[in-house]
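The numbering of the sequence shown is our numbering, which starts it at -12 and goes up by one.
Structure record follows, encoded as structure tokens.
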Amino acid sequence: MHVRWNERDNKKRGTAKVGDVKNEGVENKLTMNTDIFPALYPIYHLSKLCGLFPVRFTKQANGRCEGHLNVIDVIYSLCLFGLIMSLEGLGLWRELRDGWENSTRLKNRTAVIPTASDILSVIILATIAVLGSPFRWKHEKNVLNKLAEVDEMMGIVALKKTRRYTIALTACTLPYLLITSSLDMYWWDCDSKANRKMDDKGPINFFPIYIMYTIIIILEIQYSLVTYNVGQRFVRLNKCLENILKNGKMTDHFRKDLGLAGDFKSREQPMTYVRQDPVHLRVSKTLERYPTAFERKNVANKIAQLVTVHSSLCDTVSSINNAFGLVMLAITLTCLLHLVITPYFLILEVSGGRQWLFLIVQTLWCILHVTRMLIIIQPAYFACVQAKNTAVIVSQLLSSSTNEECRKHLEVFSLQLLHQPLDFTACGLFSFDRTLITSIAGAVTTYLVILIQFQKEDHTKDDVDNILKNATQILKNASSLHNLTTMKLNI
């Protein structure tokens, strides 16, 4: 199975294909444009550059595009990963070969464990992100297929809005990371020169770490875009259900969404023709009642289609969890670690009277790590909220509907909502919603208090050791003086 999108029509924008509409021998064939590739165009090429998406799309003779793994791109991803890891290994060797005391960042006992944990977590996360990209494609392909299938049934979700979201998210996060990384390197370079470090020491040895951060940010943007697209389709689903609830029948807006704008003409023409013939008055009265029955049947059919749409969206979320579950677990854990280490260093340096530039850099890193969590949590939370709104609207429709066929489909819809709840998870361990933010905030606060307490105990222990040494020295001096006095008296 391949990911397919229709070729963009240069003359007009396609409408949703929900099935062929037949009435009195008239057949309206509707075309559909499900080309979501242009909306993801910027992040697609950035992902390929970072080795996160070794996939190529080729245009077929039928005007569709097919995505498939490319051997050359897979080899490029592996080579890029090997190059980055080799450079970082070389940098760490240059940094530590003369002892950690002469290192740029590992120059004291307090900084060794936190800095080593920070670097190791980034390396592990980049490894999972790049090496896991070929294995994620199977599920990512299913996600894109399901989204295209939903678009065919409901109509195109605003591609311009999705494209703007993609560009805005990329344009805000990557330049911010670039500025923060540049200031960080500048600070450590100034610190190395001020302390007269060796020529092979300096922030250049940690430059691959900044590249790994870029790879991680782009992967998080991928996840954010996928969950954002799911949320937008739930918005369209809820609008369709709300139109049925408000009007009790298919509204003009709902027809336009589902590509049924021509139904009025198809059904009104035979009625007008019969009314113009005074002989067939009884037939006219029969056909006047026809639109109501047709309307109810049409509403029931559309509710059934919306049930299928919801099922496809739930399958999409399941594929997203399978594709990104492991890497999202690693991102959350490493982000928690960074949110503990970075404020810890910030608090220590504030009490130590460091320069203002270092404090600004550490603050920027804290903001970046908080933003990383919001990037992956907020779109998932928005989609879950829209899914809960779907359940509320369906229950309202079920309580107000009197048509037996409509109630039957709504009952099926209710059972589906009950047994297929929407939930974005990381390997099933926790869900991505706003409660995760409060949990992380509580954990960060707890660990910071513990670390600061240990730091104070270390200082207290050092003070006690100094007091004991001084007292011992005083006793030794007193003992020597006593012995000297005794010797003089004996003489």
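Glycine included, every Cβ here is placed at the ideal spot set by N, Cα and C.
Indicate the three-state DSSP secondary structure (helix, strand or coil) for residue i in the structure shown.
{"i": "arginine 262", "result": "Residue placement at arginine 262 is flagged as unreliable, the pLDDT there being 40, under the threshold of 50; a coordinate-derived value is accordingly withheld."}
{"i": "lysine 188", "result": "coil"}
{"i": "threonine 102", "result": "helix"}
{"i": "glycine 54", "result": "strand"}
{"i": "serine 271", "result": "Residue placement at serine 271 is flagged as unreliable, the pLDDT there being 38, under the threshold of 50; a coordinate-derived value is accordingly withheld."}
{"i": "serine 299", "result": "helix"}
{"i": "serine 418", "result": "strand"}
{"i": "threonine 157", "result": "helix"}
{"i": "arginine 150", "result": "helix"}
{"i": "arginine 92", "result": "coil"}
{"i": "asparagine 10", "result": "Low confidence applies to asparagine 10: its pLDDT is 36, below 50, so where it sits in the model is not reliable enough to give any reading."}
{"i": "phenylalanine 122", "result": "helix"}
{"i": "glycine 78", "result": "helix"}
{"i": "alanine 538", "result": "This structure cannot speak to residue 538, because the chain is shown only from -12 to 478."}
{"i": "cysteine 37", "result": "coil"}
{"i": "glycine 86", "result": "coil"}
{"i": "alanine 428", "result": "helix"}
{"i": "arginine -5", "result": "Per-residue confidence for arginine -5 stands at a pLDDT of 39, beneath the threshold of 50, marking its modelled position as unreliable; no derived number is given."}
{"i": "asparagine 182", "result": "coil"}
{"i": "glycine 142", "result": "coil"}
{"i": "alanine 248", "result": "Residue placement at alanine 248 is flagged as unreliable, the pLDDT there being 44, under the threshold of 50; the coordinate-derived value follows with that caveat. Reduced to three states, the DSSP call for alanine 248 is coil."}
{"i": "leucine 107", "result": "helix"}
{"i": "aspartate 452", "result": "Per-residue confidence for aspartate 452 stands at a pLDDT of 47, beneath the threshold of 50, marking its modelled position as unreliable; the derived number appears in the next sentence. Three-state result, aspartate 452: helix."}
Would you grab the beta carbon distance between residue i and residue j for me? Rounded to a whole angstrom, and I think it's under 8 angstroms.
{"i": "isoleucine 362", "j": "valine 213", "result": "With 8 angstroms as the limit, isoleucine 362 and valine 213 do not qualify as a contact, their Cβ atoms being about 12 angstroms apart."}
{"i": "isoleucine 202", "j": "alanine 310", "result": "No, isoleucine 202 and alanine 310 are not in contact; Cβ-Cβ is about 17 angstroms, not under 8 angstroms."}
{"i": "cysteine 393", "j": "alanine 287", "result": "5 angstroms"}
{"i": "glutamine 373", "j": "valine 222", "result": "6 angstroms"}
{"i": "proline 41", "j": "leucine 27", "result": "Contact doesn't hold; Cβ gap of about 16 angstroms is too wide."}
{"i": "leucine 33", "j": "threonine 157", "result": "7 angstroms"}
{"i": "leucine 134", "j": "isoleucine 30", "result": "Their Cβ separation, rounded to whole angstroms, is 15 angstroms, which puts leucine 134 and isoleucine 30 out of contact at 8 angstroms."}
{"i": "isoleucine 71", "j": "isoleucine 208", "result": "At roughly 19 angstroms, the Cβ-Cβ gap does not stay under 8 angstroms, so isoleucine 71 and isoleucine 208 are not in contact."}
{"i": "lysine 188", "j": "glutamate 82", "result": "6 angstroms"}
{"i": "serine 64", "j": "serine 108", "result": "Not confirmed; about 21 angstroms, so no contact."}
{"i": "valine 137", "j": "leucine 300", "result": "6 angstroms"}
{"i": "threonine 167", "j": "leucine 355", "result": "6 angstroms"}
Grab the span of the alpha helix (DSSP H) containing residue i for me, first residue to last.
{"i": "threonine 377", "result": "343 to 387"}
{"i": "arginine 220", "result": "194 to 234"}
{"i": "threonine 412", "result": "That residue, threonine 412, is in no alpha helix (DSSP H); it is neither H nor E in DSSP."}
{"i": "arginine 43", "result": "Where arginine 43 is concerned, there is no enclosing alpha helix (DSSP H), although the beta strand (DSSP E) it sits in stretches over 42 to 46."}
{"i": "leucine 481", "result": "Residue 481 lies beyond the stretch modelled for the chain, which goes from -12 to 478, so this question has no answer here."}
{"i": "leucine 405", "result": "391 to 406"}
For the ligand HEM, any of its heavy atoms closer than 8 angstroms to the Cβ of residue i?
{"i": "leucine 79", "result": "Judged by which ligands are present, the structure shown has none, so any question about the ligand HEM falls away."}
Okay, do the region 59 to 78 and the region 146 to 165 touch, 3+ Cβ pairs below 8 angstroms being the bar? With a cut-off of 8 angstroms, the region 146 to 165 and the region 59 to 78 do not count as touching, because too few Cβ pairs lie within range.
Does the region 190 to 209 touch the region 163 to 176, meaning 3 or more C-beta pairs lie closer than 8 angstroms? With a cut-off of 8 angstroms on Cβ pairs, the region 163 to 176 is in contact with the region 190 to 209, counting three or more such pairs.
Contact between the region 35 to 46 and the region 97 to 115 is defined here as three or more beta-carbon pairs at a separation below 8 angstroms; is this criterion met? At 8 angstroms Cβ cutoff, the stretches do not touch.
May I ask you to verify whether the region 214 to 223 touches the region 363 to 373, counting CB pairs closer than 8 angstroms and requiring at least 3? With a cut-off of 8 angstroms, the region 363 to 373 and the region 214 to 223 count as touching, because enough Cβ pairs lie within range.
Decide if the region 320 to 327 is in contact with the region 385 to 394; the criterion is three or more beta carbon pairs, one per stretch, under 8 angstroms apart. No contact exists between the region 320 to 327 and the region 385 to 394.
At least 3 beta-carbon pairs within less than 8 angstroms: the region 393 to 409 vs the region 286 to 296: Flag = yes, the region 393 to 409 and the region 286 to 296 touch.
Do the region 414 to 433 and the region 312 to 322 make contact, defined as three or more Cβ pairs closer than 8 angstroms? Flag = yes, the region 414 to 433 and the region 312 to 322 touch.
Would you call the region 375 to 383 in contact with the region 226 to 234, where contact means no fewer than 3 C-beta pairs closer than 8 angstroms? Contact between the region 375 to 383 and the region 226 to 234 is present, because at least three Cβ pairs lie under 8 angstroms.
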